[in-house]
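What follows is a set of notes on a single structure, which appears directly below.
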Amino acid sequence: MKRQLMAEQWDTFARACLPINAPADQRREMRRAFYAGAQGILFKVIASLASDADPTTEDLELMENLQLEMSDVADAVKAGRA
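Just so you know, the sequence shown maps onto residues 14 to 95 in the working numbering.
Rendered as C-alpha coordinates:
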(Lines of atoms letter the chains of each structure in order from A and count residues from 1; the text may use other names and numbers.)
(Lines give C-alpha, C1' and ligand atoms only; values in the text may rest on other atoms or scores of the structure.)
Protein backbone atom coordinates (compact mmCIF):
# COMPACT_ATOMS: atom_id res chain seq x y z
CA MET A 1 0.00 0.00 0.00
CA LYS A 2 1.25 3.47 -0.90
CA ARG A 3 2.12 5.86 1.87
CA GLN A 4 -0.57 8.51 2.22
CA LEU A 5 1.37 11.65 3.06
CA MET A 6 -1.62 13.98 3.13
CA ALA A 7 -3.56 11.60 5.36
CA GLU A 8 -0.61 11.63 7.75
CA GLN A 9 -0.61 15.44 7.69
CA TRP A 10 -4.38 15.52 8.25
CA ASP A 11 -4.03 13.24 11.27
CA THR A 12 -1.31 15.46 12.74
CA PHE A 13 -3.38 18.59 12.06
CA ALA A 14 -6.56 17.07 13.48
CA ARG A 15 -4.83 15.95 16.69
CA ALA A 16 -3.39 19.44 17.16
CA CYS A 17 -6.44 21.52 16.20
CA LEU A 18 -9.68 19.60 16.68
CA PRO A 19 -11.19 19.25 20.12
CA ILE A 20 -11.43 15.60 21.18
CA ASN A 21 -15.20 15.91 21.43
CA ALA A 22 -15.63 17.70 18.07
CA PRO A 23 -18.87 16.67 16.39
CA ALA A 24 -18.61 14.50 13.28
CA ASP A 25 -19.85 17.31 11.02
CA GLN A 26 -17.14 19.69 12.29
CA ARG A 27 -14.48 17.03 11.73
CA ARG A 28 -15.84 16.31 8.24
CA GLU A 29 -15.93 19.98 7.21
CA MET A 30 -12.45 20.66 8.57
CA ARG A 31 -11.11 17.63 6.71
CA ARG A 32 -12.72 18.82 3.49
CA ALA A 33 -11.23 22.30 3.93
CA PHE A 34 -7.81 20.82 4.74
CA TYR A 35 -7.76 18.69 1.60
CA ALA A 36 -9.16 21.49 -0.58
CA GLY A 37 -6.37 23.78 0.58
CA ALA A 38 -3.77 21.08 0.03
CA GLN A 39 -5.08 20.43 -3.47
CA GLY A 40 -4.99 24.13 -4.34
CA ILE A 41 -1.38 24.42 -3.20
CA LEU A 42 -0.41 21.20 -4.99
CA PHE A 43 -1.86 22.50 -8.27
CA LYS A 44 0.06 25.77 -7.85
CA VAL A 45 3.32 23.90 -7.21
CA ILE A 46 2.76 21.51 -10.13
CA ALA A 47 1.99 24.41 -12.46
CA SER A 48 5.16 26.22 -11.45
CA LEU A 49 7.33 23.13 -11.89
CA ALA A 50 5.61 21.67 -14.96
CA SER A 51 7.84 23.31 -17.53
CA ASP A 52 10.76 21.44 -19.06
CA ALA A 53 13.20 24.04 -17.76
CA ASP A 54 15.05 23.87 -14.48
CA PRO A 55 13.30 25.55 -11.56
CA THR A 56 13.62 29.30 -11.72
CA THR A 57 14.36 31.68 -8.90
CA GLU A 58 10.63 32.45 -8.87
CA ASP A 59 9.78 28.74 -8.54
CA LEU A 60 12.10 28.36 -5.58
CA GLU A 61 10.78 31.56 -4.05
CA LEU A 62 7.22 30.25 -4.38
CA MET A 63 8.16 27.07 -2.51
CA GLU A 64 9.96 29.02 0.21
CA ASN A 65 7.05 31.44 0.61
CA LEU A 66 4.58 28.57 0.90
CA GLN A 67 6.72 26.94 3.57
CA LEU A 68 7.05 30.20 5.50
CA GLU A 69 3.34 30.91 5.29
CA MET A 70 2.43 27.44 6.54
CA SER A 71 4.96 27.70 9.36
CA ASP A 72 3.62 31.11 10.39
CA VAL A 73 0.05 29.80 10.51
CA ALA A 74 1.12 26.73 12.48
CA ASP A 75 2.94 28.96 14.99
CA ALA A 76 -0.12 31.21 15.30
CA VAL A 77 -2.38 28.20 15.89
CA LYS A 78 -0.06 26.84 18.58
CA ALA A 79 0.01 30.26 20.26
CA GLY A 80 -3.78 30.58 20.11
CA ARG A 81 -3.72 33.52 17.68
CA ALA A 82 -5.39 31.71 14.78
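Beta carbons are placed, not taken as given, at the ideal position from N, Cα and C, and that holds for glycine.
I'd like to check one pair, residue j with residue i: are the Cβ atoms closer than 7 Å?
i     : j     : result
Asp72 : Ser61 : yes
Met19 : Ala49 : no
Report the three-state DSSP secondary structure of residue i (helix, strand or coil).
i     : result
Arg94 : coil
Thr69 : coil
Ser64 : coil
Met14 : coil
Smallest Cα separation from residue i: which of the options?
i     : options             : result
Arg44 : Gln22, Val58, Ile54 : Gln22
Leu55 : Pro36, Gln80, Arg94 : Gln80
*For the stretch 17–65, which segments carrying the alpha helix (DSSP H) assignment without a break, of at least 4 residues, lie completely within its bounds, in sequence order?*
The stretch 17–65 contains these whole alpha helix (DSSP H) runs: 18–30, 37–62.
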